Amino acid sequence: MRLPLESVPNFSEGRERATLDALASALSARARLLDVHADADHNRSVFTLVADDDDLLAALVAGVACARERIDLRRHEGAHPRVGAADVVPVVPVRPGDMGRAKRVALRLAESIGDELSLPVFLYGELAGLGGRMESGELAPDFGPSVFQERSGAVLVGARRPLIAFNVNIRGGLAAAREIAGLVRERDGGFPGVRALGLDLPGSGLVQVSMNVEDWEAAALHELVATIEREAAARGVEVVGSELVGLMPGGAAAAAAGAALRIDGLDASRVLELRLLEAGDTGPA
C-alpha cells in the first residue's frame, strides 16, 4: 500500500480567522487537511495535510500563494521568529523509506514557489536574519528572486523526518523559560535533536519553553517534561501545562504512555492501529 506524503506548513498568521479559513480552503482543495493549530501569541498557524505527490505539491503552492496575498509581514507581531508569510514548508514521509519521494516533491515545490510565485526559497535555511544577508550578497536563495520582499519575506522548504512540536507553559519570568530552554536544547548540551526557545505569552500571562523534537526516539517527551519540571522548581516557577502543535507519531505517544503507566517496552509495535497499518503496507516504496 503506497502511503501519502505529509506536509506541515507554518504560516505567519494565528489571529485573523478569515485568513486562517482561506489558507485551509486553499490547502484542502487538493489534499486532506488533518489538523489546524493557530496560536494568537505566536501569531502563527500550523496546518497538517496529506496527499499523493502531485496533489500535495498543488495544495502547497496554493497555500503559499494564499499566504503571499493575505499576510503582510510589515504589520506582523508575534512571539515566534519568522522569515516569511509562508514561513516553513516541510515535506514529510509517513514511512521512512519514502524520504526519496519527499525530497523530490520538496525540490519541485521549491522550484514552483520560486518560479510561479516569485518568492525567494531557501532549502533548510536559517530562521533569522535572512533579509540582511540576502541584501549584502552573503546568502543567495536556492530558487526564486534574490531580492528580499518586506511584505512576504522568504519561504523555507525542505524534506524531513516527522518531528514533534511540543511546548511547555510556565507561570514565571521569561528569563527562567530561556534558561530552561538552553538546558534542554541540543545546541547547548541538552537532549539530542531538540531545538528550544523561551518565549513570552502575553495573552495568557505565561511564558513557554517552545520545542521542536526532531528525534523523539532519542529525546522522549516524558523525560523532557520531567527535566523542565525539575528545572522550573529549582527556579521557583511552576509548570502549568504542555501543548502539542499539530500531530505526533504514534511511537512517541506509545513511549510516553508506557512511561506514565510503567509498562516496560511499550512502543509502536504494541499499538493496534499501527500494527494493522504496517501489516497492510505491502506495496512498493
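Following the numbering used here, the numbering of the sequence shown begins with 4 at its first residue and continues without gaps.
Glycine is no exception: its CB is placed at the ideal position from the N, C-alpha and C atoms.
As the structure is a computational prediction, the values presented were derived from the model and not from experiment.
Keeping to the same chain, check which residues put their C-beta closer than 8 Å to that of residue i; ignore five residues upstream and five downstream.
{"i": "ALA131", "result": "Residue confidence for ALA131 is low, a pLDDT of 44 falling below 50, so the modelled location carries little weight; the figure read from the coordinates is stated next. Counting only Cβ-Cβ distances below 8 Å, and skipping sequence neighbours, we find PRO84 and VAL86."}
{"i": "GLU217", "result": "ARG163, ARG164, LEU166, GLY196, VAL197 and ARG198"}
{"i": "MET102", "result": "PRO96, ALA162 and ARG164"}
Pull up the distance between the alpha-carbon of residue i and that of residue j, whole angstroms please.
{"i": "VAL290", "j": "GLY117", "result": "Because the chain spans 4 through 288 in this model, residue 290 falls outside it and cannot be assessed."}
{"i": "LEU264", "j": "PHE169", "result": "21 Å"}
{"i": "VAL248", "j": "LEU204", "result": "15 Å"}
{"i": "LEU30", "j": "HIS40", "result": "14 Å"}
{"i": "PHE194", "j": "VAL212", "result": "14 Å"}
{"i": "ASP289", "j": "ARG174", "result": "With the chain represented from 4 up to 288, any question about residue 289 goes unanswered, as that position is not in the structure."}
{"i": "GLY254", "j": "ILE266", "result": "14 Å"}
{"i": "LEU120", "j": "ALA262", "result": "47 Å"}
{"i": "ALA62", "j": "VAL11", "result": "12 Å"}
{"i": "ARG18", "j": "GLU80", "result": "11 Å"}
{"i": "ARG73", "j": "ARG111", "result": "24 Å"}
{"i": "GLU129", "j": "ALA256", "result": "Note that GLU129 scores a pLDDT of 36, beneath 50, so its modelled location is shaky; the value from the coordinates is reported in the next line. Taking the straight line joining both Cα atoms gives about 30 Å."}
{"i": "ALA2", "j": "ARG5", "result": "Lying outside 4 to 288, the shown extent of the chain, residue 2 is not represented and no answer is given."}
Do residue j and residue i have their beta-carbon atoms positioned less than 7 Å apart in this structure?
{"i": "LEU36", "j": "LEU52", "result": "yes"}
{"i": "ARG154", "j": "ASP75", "result": "yes"}
{"i": "VAL91", "j": "ASN172", "result": "no"}
{"i": "ALA68", "j": "HIS45", "result": "no"}
{"i": "GLY206", "j": "ALA43", "result": "yes"}
{"i": "ALA235", "j": "VAL242", "result": "yes"}
Cutting at 7 Å between CB atoms, please list the residues of its own chain near residue i, excluding the five before and the five after it.
{"i": "ASP56", "result": "LEU8, ARG104 and VAL108"}
{"i": "THR22", "result": "GLU16, ARG73 and ILE74"}
So, at 6 Å on beta carbons, what are the nonlocal neighbours of residue i in its own chain, with the 5 sequence-adjacent residues on each side left out?
{"i": "GLU114", "result": "PHE146"}
{"i": "ARG238", "result": "ALA179"}
{"i": "ALA184", "result": "ALA199, LEU200, GLY201 and VAL212"}
{"i": "ALA32", "result": "none"}
{"i": "SER149", "result": "ALA143"}
{"i": "ALA221", "result": "PRO195 and GLY196"}
{"i": "HIS38", "result": "Rather than His, the amino acid found at residue 38 in this sequence is Asp. Cβ neighbours of ASP38 beyond the five flanking positions: THR51, GLY249 and LEU250."}
Under 8 Å by Cβ, that's how I've got residue i and residue j pegged, so tell me the actual separation to the nearest angstrom.
{"i": "ALA70", "j": "ALA88", "result": "4 Å"}
| said: Which complete beta strand (DSSP E) runs does the segment 34-114 hold, if anything under 3 residues is left out? | reply: Qualifying beta strand (DSSP E) stretches, in chain order: 35-42, 47-54 and 89-96.
| At what residue ranges does the segment 198-267 contain a whole run of the alpha helix (DSSP H), taking only runs of 4 or more? | 224-237 and 253-264
| Mind pulling the beta strand (DSSP E) runs of 3 or more residues that sit fully within the segment 144-168? | 158-162
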